[in-house]
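**Q** Please read through the structure below; I'll follow up with questions.
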Amino acid sequence: MSKQIDIKDLDIFYGDFRAVDGVEMQIKPRSVTAFIGPSGCGKSTVLRTLNRMHEVIPGASVSGEVLMDGTDIYGAGVDPVNVRREVGMVFQRANPFPTMSIKENVLAGVRLNNRRLSKTEADDLTERALRGANLWNEVKDRLNLPGSGLSGGQQQRLCIARAIAVEPEVLLMDEPCSALDPISTLAIEDLINDLKDKYTVVIVTHNMQQAARVSDKTAFFNIAGTGKPGKLIEFSETSTIFSNPDKEETENYISGRFG
Amino acid sequence: MSKQIDIKDLDIFYGDFRAVDGVEMQIKPRSVTAFIGPSGCGKSTVLRTLNRMHEVIPGASVSGEVLMDGTDIYGAGVDPVNVRREVGMVFQRANPFPTMSIKENVLAGVRLNNRRLSKTEADDLTERALRGANLWNEVKDRLNLPGSGLSGGQQQRLCIARAIAVEPEVLLMDEPCSALDPISTLAIEDLINDLKDKYTVVIVTHNMQQAARVSDKTAFFNIAGTGKPGKLIEFSETSTIFSNPDKEETENYISGRFG
Amino acid sequence: GGQSATGEEASGGNSDLQGTLTGIGASSQKAAMDAWTADFTSQNSGVTVNYSPDGSGAGREQFLAGNAQFAGSDAHLDDDEVKAGEEACGAEGAYEFPVYISPIAVTFNVKGVDELNLSPETMAKIFKGDITNWNDKAIKADNPDADLPDLKITAVHRADDSGTTENFAEYLKAAAEKDWDAEVDGNFPKEYGGEAAQGTDGVIQTVSDTDGAIGYADASAVGELSTAKVKVGDEFVELSPEAATKVVDASERVEGRSEGDLAFDLARDTTESGAYPIVLVSYHLVCSSYKDQETVDMVKAWEKFVVSEEGQKSAADSAGSAPLSDDLRKQIEEVIDSIKVEG
Amino acid sequence: MPISTETTEPGPTGPGSTSESGQKPPQSPASRQQKAVVRPGDRIFSAATLIAGILILVILAGVALFLLAQSKDTIAAQISDPSQITGGKGFFSYVWPLVIGTLISAAIALLVATPFALGIALFTTHMAPRRLAPMLGYVIDLLAAIPSVVYGLWGIALAGNLTGFYLWLSTWFGWIPIFAPGADGSVSQTGRTMLTASLVLSIMILPIITSLTREIFLQTPRLQEEAALALGATRWEMIRMAVLPFGKSGIVSATMLGLGRALGETMAVAMILSPGVLTASLVVSGNQTIASEIAQNFPEAAGLRLSELITVGLVLFVITLLVNMGARAIVARTSVKGS
Amino acid sequence: MPISTETTEPGPTGPGSTSESGQKPPQSPASRQQKAVVRPGDRIFSAATLIAGILILVILAGVALFLLAQSKDTIAAQISDPSQITGGKGFFSYVWPLVIGTLISAAIALLVATPFALGIALFTTHMAPRRLAPMLGYVIDLLAAIPSVVYGLWGIALAGNLTGFYLWLSTWFGWIPIFAPGADGSVSQTGRTMLTASLVLSIMILPIITSLTREIFLQTPRLQEEAALALGATRWEMIRMAVLPFGKSGIVSATMLGLGRALGETMAVAMILSPGVLTASLVVSGNQTIASEIAQNFPEAAGLRLSELITVGLVLFVITLLVNMGARAIVARTSVKGS
Ligand SMILES: Nc1ncnc2c1ncn2[C@@H]1O[C@H](COP(=O)(O)OP(=O)(O)OP(=O)(O)O)[C@@H](O)[C@H]1O
Ligand SMILES: Nc1ncnc2c1ncn2[C@@H]1O[C@H](COP(=O)(O)OP(=O)(O)OP(=O)(O)O)[C@@H](O)[C@H]1O
Ligand SMILES: [Mg+2]
Ligand SMILES: [Mg+2]
């Protein structure tokens, strides 16, 4: 069920602007990979190329290869829709559908896949996904109210529930815990731990401890200066990155001796 | 320049739903107050009542008093516009104006106050505010490009810059560092430290360490269960809250032994 | 009032005619046409008569192109069209004949003035914009007894292209040639200025709303407004159906037309006593021959009904037209009788 | 849906709740209160929009009063002697075929134009290549500016070419009443039928609906669209999940505006339709709309007849109001609660 | 502005850049590929919108061709013998006063209606109490459905009441050419002037502009509005900061749609305006618009005259296109780069 991702010489552009340059990376199936780095270095940008959401932005383009189990998702004849069905995503900014109820929000992705769900299946799935995202208790009485009446952190967890409900083979999470309190954060980290038994997970985080806690491997991105492209500086086992990084830049960032 | 805020028996509603119940609090001038608590307990809601942004939501209402230097901002004859000119706010979700350039975004609040700015004053102010928010280096070459082309963390810092540019007497910040890397986070914390020399600062955060680092006093909110209103559980010196809280609930939350 | 869209189900019939007659033409005939079709189809329940009031020009054009069995027109065919008629309707060409006479009233709205006499010259000068005040000498001369105010004259003409304008202008051109130097046309000469209004109704409404206004319009629409008497010979003639009929009887037929072409050159400058010269003659155009007997029978029955005393009366009731004289009717009936099957 | 009216209504359970109404600044003494200058822009703006709002009501009242005042003769006639009314059976039997005709033509026009317009709007906003989209915008705006008389002329030309199609329709679908041939077994020979008029109407209202929905669809929040796409939605699914729900109220408004135009369109229908008694079949001549009835008869109308026609106009006014309110009520009922 | 067309254009510096085009799924063997069923909804949708887009072009081409084909007699006459054309001085001297008249009336109508419409739209979306707002919506929709012939009748009634005002205008502002009295020192006695017609036109286009802008303003993102309010913006400032910039393209579209209606409106102008030669003054009778010229003359027109009128319609078509493109070009130039 899980997939291996090979990123080869990936350059990413916003119009003329080269935002990220020459990323090479191999993400193993059934693992958690964390992206860390200063704000604006291109973490979200790289993440969005993994399910071809990058190209949705007007003028944006990529060059290079992203292989999923050996097939280039940017190859000719690949339908991005199929890529996105297998690669789920949680965005940096929570974006529940405001016109749908909480339950419909959770089921939105499943409904897309043309799966017919009986009422009980739908209810079960909703509960399972919301429990996974540690939101069930807070919303179980108002599943039919719109998702827009939730607090910031609740919306973020709703988006997580929506993404895991489709059981994607790869799950990309862009700062999934940024608006969460420590308890919810722990719950999400547990969730990630469970998920990696079956799926490949990539997570962007600013929280070093979180990266250290949940990830098997960590990628450190950095940017040389304004207008310059972001680069992948180092990509290794999380323990290596945090205890004994190869590059000085990494060490400086980890230990807060940067900038 | 700074103001004292007295909150007296404040109940906050979304339509029929009582979201927060009976808040009593005294926020001293020239201090930093942190709001902590689990997601959905009403932190943002309380914060938004302090500059009357709560009532902007359809159906929302409050009862009780919020005194700023002794004047009830919900009193008859008080123009919320005047309240908001003195009480700046950074939202939980970054919201730069997409049609304005970065520079216009920073100056938006100042321009409102009918202050005539010379070109140099405007440039100076822009630089000062952006430096304060630790964004200057990243955007100094593209001040005239739209604010919507920034990364998540950059947008958040842009909103901080916009809020501090007007030099409000009270500054409310709703998870200002949620999308920021540790370096930017430290910069914002320094900023908060500087600000408190002159202004009153209230900050919502999920990061206990951050609360411990920057705040003088901490308010812990909690919610008894779904559908119940959030309540202010404890409000004391930050050191007390984190080392020796009065309530068991607080201690449980701080030490992560909750839920 | 015309016939409503609801119409009434034809109740019974007394002929075995079957089919549809299509006519296109002047919208001025619409009211009369509604009355005619209602009466005619109640007597001939097998016949449907469709009339599209697309305008005289369109009617003539469509008819000559063979798209309609008959046409209604506010003007008779010109020489080119007569030739075209020979192609469309066979050697004898198209027949045309008046179906009703519609007097055009010169109507005015001046407080305190109920009667007004106008000579053609004065009328021309007023509509031309040369006389601009009601207390003008020229008007006084025609109305020695009237108490004419010092009031600006607002002369109102039709804004749209219309047979009414064309006939009115034709009259002025004939009776006051010196003063009316514009070419006669369905459009009122722009260079003369004045106020314009769309349609008969527009003119009437403008005149009734404006103190000091004068206009010309189909007599049936005048309602409560006063109408001017027009100088013919030495007397001032009041508008009436009889007076209108008289002028047609006093007119000559257009020269060089076939027997069946009852087009008239109206005697606008007639001095015949009691004739009212500002009239519009509405024609019907039919073919001298049609492809089949059924159509011939239908057309004959229809047109005979239109010019019959009964038909003229119902037109007079519904459209306020002046009936044809018996003399003229006889001539027309002869023409109708000569319609035959092609070949 | 983000609706923002700052004026709050007090929450029912919040007894002492306050709302933002007063204008005086807080009485705090030594602060930057002098900044709270009188804001003339704001005053002017409030006054101006209020005046605009009132003026529009005044205009509408003016039109309504005009219609009512002119209708009094008809009402009097209807009460004293209904046989005076055209048709001889009183006002209601005169007007109801017109009402039905109007509703039918407007309904057909809407049914044809709305899906079409939504399709074009979606095509320009979400499908067409960047360069083509503005071109299509021009085309739509152009269609909006063609005078109705030109549409009428064009419709007449079109009518002639539709007879064959109508014959075909009546041959194969004649069992459906709306396509039934006439009593003599044939369809209109001129093509000037209700169906032709309605089709031309639908083209006339197309630009309105398209323009409005296009603008709304363009404003769909990116985040919503991205959310749908990231779930693996195809374009159509993304449109169903994000674009259409967001645009719902706009679509309704656009349809209402188009409906208004269809109900009120005069010239084109008057030119194209060969009016007659009410018939179910749309491919034979017959039927009539209110606006066309007024246009065709008022040039020769006077006195009671004119008053009748204006009363018919008043009836249209009322119909529009009812249709509008009905439509919006239905839409409101089917929306997600609380959104 | 969030515009989302998924089809990307390759970035200039990204040589090997790819774009989403193909339809085949990735060839990964043992996965849930069977889920990638043929998605008929998507196919149908793509095809349907494409067809709608093409059909609209076909319709426009149909109208344009119709106009062109009918214009050929006029063009021939213009080349062989210009004196045949109405007025006797060739087509251009016949048409240009009409063009000017049309542009003037449309311009006045727009100038009056646009601020008014924006005011009402803002009032309903951001000022009016919750209960009142939908009522105003109905009012606007109602105004849209009043047939133009009723507007015409109403305009005529209105005209009579405006003469006093026009006299006042010409007395005090007669030095401005557009308010100058006529040659005889007086203004129109009937009030049926270009100014009256334009004012009625402005009321006719008001609902269109209002409806469209209202829908756009309703969609202003809450977050933007809150951002402005939190900075201490008054309502008007909030509208200037958040609502108007967001609605800009919608406002332009609404104006264009209103312009189209104003340029093409036939019946009302024909009924109200007392046409005549071109004059600068708007308070004396005179001037004429294209649509009204066509409507007033086509019933009696045949042959060359009919062709002339349709050619005039073609001219209107071209004008609309030019005005539209011009307006959008100006707007595009004044927008923030890159947004
Ligand atoms: N617009 C709204 N309408 C109705 N209920 C709301 C709305 N916004 C928030 N709520 C509810 O009010 C409660 C408090 O929400 P609030 O946003 O204050 O939480 P919070 O403490 O800021 O949480 P978080 O840390 O997740 O941002 C929650 O139960 C939430 O679901
Ligand atoms: N839509 C866009 N158009 C143009 N440039 C963009 C756009 N989005 C992001 N960028 C730029 O691309 C660079 C990388 O952005 P990205 O969002 O990937 O950063 P990030 O690492 O996710 O930062 P953060 O931690 O703040 O979210 C930044 O310089 C940013 O300004
Ligand atoms: Mg990011
Ligand atoms: Mg919050």
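Chains as they are written, first to last, in our numbering: chain A, -16 to 242; chain B, -16 to 242; chain C, 1350 to 1692; chain D, 7 to 345; chain E, 7 to 345.
From the three backbone atoms N, C-alpha and C, an ideal C-beta is built for every residue, glycine too.
Return the first residue and the last residue of the alpha helix (DSSP H) that A:R114 is part of.
**A** As a working mapping, residue 114 of chain A is identified with position 131 in the first sequence. Taken as a continuous stretch (DSSP letters only), the alpha helix (DSSP H) holding A:R114 covers K102 to G115.
**Q** Distance cutoff 7 Å, beta carbons only. Does E:P16 sit that close to anything in chain C?
**A** Along the fifth sequence, read from residue 1 onward, the residue named residue 16 of chain E stands at position 10. For E:P16, the predicted model reports a pLDDT of 34, less than 50, meaning its position is unreliable and no value from the coordinates is stated.
**Q** Relative to the alpha-carbon of D:L117, which residue among D:L56, D:Q84, D:I85 and D:I211 has its alpha-carbon at the smallest distance?
**A** Residue 117 of chain D sits at position 111 when you count from the first residue of the fourth sequence. Closest by alpha carbon: D:I211.
**Q** Using a Cβ-Cβ cutoff of less than 7 Å, which residues in the same chain neighbour C:G1623 once the five nearest sequence positions on both sides are dropped?
**A** As a working note, residue 1623 of chain C is residue 274 in the third sequence. The residues are V1586, A1592 and K1595.
**Q** Using the Cα positions of D:S4 and D:I257, report the straight-line distance between them to the nearest angstrom.
**A** Limits of chain D in this structure are 7 at one end and 345 at the other, which puts residue 4 of chain D out of reach.
**Q** Pull up the CB-CB distance for A:T168 and A:F203, whole angstroms please, since I reckon it's below 8 Å.
**A** Looking up residue 168 of chain A in the first sequence gives position 185. Looking up residue 203 of chain A in the first sequence gives position 220. Actually they do not touch by this definition, with Cβ atoms about 21 Å apart.
**Q** What's the gap between the Cα of C:W1385 and the Cα of C:S1405?
**A** Residue numbering aside, residue 1385 of chain C sits at position 36 when the third sequence is read from its first letter. Residue numbering aside, residue 1405 of chain C sits at position 56 when the third sequence is read from its first letter. If I take the Cα positions, the gap works out to 18 Å.
**Q** Would you say E:A112 reaches chain G, if we count a Cβ-Cβ gap shorter than 7 Å as a contact?
**A** In the structure shown, chain G cannot be found, because the protein chains are A, B, C, D and E.
**Q** Taking 7 Å as the threshold (beta carbon to beta carbon), is C:G1564 in contact with chain E?
**A** For this step, residue 1564 of chain C is matched to residue 215 along the third sequence. Taking Cβ atoms only, chain E never reaches closer than 7 Å to C:G1564, which makes this a no.
**Q** Please indicate yes or no: does the CB of D:G161 lie closer than 6 Å to some heavy atom of ligand 3?
**A** As a position in the fourth sequence, residue 161 of chain D is number 155, starting the count at 1. Checking the Cβ of D:G161 against ligand 3 gives no.
**Q** Name, please, each residue of chain D whose Cβ falls closer than 9 Å to the Cβ of A:F218.
**A** Walking along the first sequence from the start, residue 218 of chain A turns up at place 235. Simply none; closest approach about 24 Å.
**Q** So, B:I224 versus B:T188, is the Cβ gap smaller than 7 Å?
**A** One-based indexing of the second sequence puts residue 224 of chain B at position 241. One-based indexing of the second sequence puts residue 188 of chain B at position 205. Cβ atoms of B:I224 and B:T188: not closer than 7 Å.
**Q** What residue range does the beta strand (DSSP E) around B:N205 cover?
**A** For the purposes of this step, residue 205 of chain B is identified with residue 222 of the second sequence, where counting begins at 1. Note, B:N205: beta strand (DSSP E), K200 to I206.
**Q** Under the three-state reduction of DSSP, which class applies to E:R334: helix, strand or coil?
**A** Here residue 334 of chain E refers to the residue found at position 328 when the fifth sequence is read from its first residue. Residue state, collapsed to three classes: helix.
**Q** Using DSSP's beta-bridge definition, name the partner residues of C:Y1400.
**A** In the third sequence, residue 1400 of chain C corresponds to position 51, counting from 1. C:G1372.
**Q** Candidates A:I237, A:L128 and A:G53: which alpha carbon is nearest A:Q192's?
**A** In the first sequence, the residue the question calls residue 192 of chain A occupies position 209. Out of A:I237, A:L128 and A:G53, A:I237 has the C-alpha closest to the C-alpha of A:Q192.
**Q** Closer than 5 Å is what we want: which residues have a beta carbon that near any heavy atom of ligand 4? List them in chain order.
**A** Result (chain order): A:S134, A:G135, B:S27 and B:Q75.
**Q** Is B:S22 a contact residue of ligand 1, with contact defined as CB to any heavy atom under 6 Å?
**A** In the second sequence, counting from the first residue as 1, residue 22 of chain B sits at position 39. Yes, the beta carbon of B:S22 sits closer than 6 Å to at least one heavy atom of ligand 1.
**Q** Counting C-beta neighbours from all protein chains within 10 Å, is the total for C:T1652 16 or more, i.e. buried, or is it exposed?
**A** As a working note, residue 1652 of chain C is residue 303 in the third sequence. With the sequence shown as reference, residue 1652 of chain C is identified as Glu, and Thr is not the correct amino acid for it. By the 10 Å Cβ count, C:E1652 comes out buried.
**Q** Nearer than 6 Å: is that true of the beta carbon of D:A150 relative to any heavy atom of ligand 1?
**A** Here the question's residue 150 of chain D lines up with position 144 in the fourth sequence. Not so, every heavy atom of ligand 1 lies at least 6 Å from the Cβ.
**Q** Taking only beta-carbon atoms, is A:Q9 less than 7 Å away from chain B?
**A** Within the first sequence, numbered from 1, the residue matching residue 9 of chain A stands at position 26. No, its Cβ sits nowhere closer than 7 Å to a Cβ of chain B.
**Q** What is the residue span of the beta strand (DSSP E) that C:N1536 lies within?
**A** One-based indexing of the third sequence puts residue 1536 of chain C at position 187. Per DSSP, C:N1536 belongs to no beta strand (DSSP E) and is neither H nor E.
**Q** Whose C-alpha, out of D:F323, D:P251 and D:L312, is nearest the C-alpha of D:G270?
**A** Position 264 of the fourth sequence, counted from the start, is the residue given in the question as residue 270 of chain D. D:G270 has its Cα closest to that of D:F323, out of D:F323, D:P251 and D:L312.
**Q** If we call anything under 7 Å between Cβ atoms a contact, is A:K3 one with A:G135?
**A** Within the first sequence, residue 3 of chain A is the residue found at index 20, counting from 1. Within the first sequence, residue 135 of chain A is the residue found at index 152, counting from 1. For the record, residue 3 of chain A in the displayed sequence is Val; it is not Lys. Not closer than 7 Å, so no.
**Q** Report, in whole angstroms, the separation of the C-beta atoms of B:C185 and B:T32, which I expect to be a contact under 8 Å.
**A** Position 202 of the second sequence holds residue 185 of chain B. Position 49 of the second sequence holds residue 32 of chain B. Here the sequence assigns Val to residue 185 of chain B, which means Cys is not the residue at that position. Wrong, their Cβ atoms sit about 11 Å apart, outside the cutoff.
**Q** Given a limit of 8 Å on CB to CB distance, which residues of the stretch 230 to 248 of chain D reach chain A?
**A** Result list: Q230, E231, E232, A233, A234, L235, A236, L237, G238, A239, T240, E243, M247 and A248.
**Q** Note down, in chain order, each residue of its chain lying with its Cβ closer than 8 Å to the Cβ of E:M277, except the 5 sequence neighbours on either side.
**A** Here residue 277 of chain E refers to the residue found at position 271 of the fifth sequence. The residues are V155, G158, L159, G161 and I162.
**Q** Looking at the secondary structure, which residues open and close the alpha helix (DSSP H) in which D:M247 lies?
**A** Position 241 of the fourth sequence, counted from the start, is the residue given in the question as residue 247 of chain D. Where D:M247 is concerned, there is no enclosing alpha helix (DSSP H), given that its DSSP letter is neither H nor E.
**Q** Quick one: which chain E residues come within Cβ less than 7 Å of C:S1511?
**A** The count along the third sequence starts at 1 and reaches residue 1511 of chain C at position 162. In chain order: E306.
**Q** Which residues of chain E have a Cβ atom closer than 7 Å to the Cβ of B:V39, listed in chain order?
**A** Position 56 of the second sequence, counted from the first residue, corresponds to residue 39 of chain B. Near B:V39 (Cβ distances below 7 Å), the residues of chain E are E232 and L235.
**Q** Are any of the Cβ atoms in chain D nearer than 7 Å to that of A:M255?
**A** Residue 255 of chain A lies beyond the stretch modelled for chain A, which goes from -16 to 242, so this question has no answer here.
**Q** Would you please verify whether the beta carbon of C:E1682 is less than 7 Å from any beta carbon of chain E?
**A** As a first step, residue 1682 of chain C is located in the third sequence; it is residue number 333 there, counting from the start. C:E1682 does not count as touching chain E.
**Q** Out of D:T196, D:L235 and D:L149, which one is the CA nearest neighbour of C:T1371?
**A** Here residue 1371 of chain C refers to the residue found at position 22 of the third sequence. Comparing Cα-Cα distances from C:T1371 to each of D:T196, D:L235 and D:L149, the minimum goes to D:T196.
**Q** So that I know if they touch, is there some Cβ in chain C lying closer than 7 Å to that of E:T326?
**A** Along the fifth sequence, read from residue 1 onward, the residue named residue 326 of chain E stands at position 320. No - not a single Cβ of chain C is within 7 Å of the one on E:T326.
**Q** Quick test of your reading: C:I1475 and C:V1628, contact by CB under 8 Å. State the CB separation rounded to the nearest angstrom.
**A** What you label residue 1475 of chain C is simply residue 126 of the third sequence in a count that begins at 1. What you label residue 1628 of chain C is simply residue 279 of the third sequence in a count that begins at 1. Not quite, the Cβ-Cβ distance comes to about 20 Å (not below 8 Å), so this is no contact.
**Q** Take C:S1394 as the anchor and find which of C:S1569, C:M1647, C:D1618 and C:A1671 has the nearest alpha-carbon.
**A** Translated into the one-based positions of the third sequence, residue 1394 of chain C becomes position 45. It is C:M1647.
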